[in-house]
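Worksheet for the structure shown next.
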Amino acid sequence: MGKTTGRLGNRLRELRQQAGGLTQQELAERVGVTRQTIIAIEANRYSPSLEVAFLIAQALGVGIEQVFQFEPGR
């Protein structure tokens, strides 16, 4: 079986705004990560661990599938 390729996309910036204009710093504090981590996730430069992904979704009050989407490669 071959290696799966693809990209993890997200709607983090949009959902932060819908959550009352939550800042990157505020979200980072709620999740227990650094602001730099949130910045990297939003920019798709870093894929969070499953635990952090669930914590982000919980902090935003939505399901994980509303925050993150797997976009398969070719």
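Read in order, the letters of the sequence shown are residues -10 to 63 in this note's numbering. Built from N, CA and C at the ideal position, the CB exists for glycine as well.
Check	Outcome
From R5 to P61, what does the alpha carbon distance come to, in whole angstroms?	25 angstroms
Taking buried to mean at least 16 other C-beta atoms within 10 Å of its own C-beta, is A46 buried or exposed?	buried
Please report the distance separating the alpha-carbon of T15 from that of T(-6).	The sequence given here places Glu at residue 15; Thr does not occur at that position. Whole-angstrom Cα-Cα distance: 32 angstroms.
Identify every residue that forms a DSSP beta bridge with R(-4).	E60
Within the continuous alpha helix (DSSP H) that includes R34, where are the two ends?	Careful: R34 lies outside any alpha helix (DSSP H) and carries neither H nor E.
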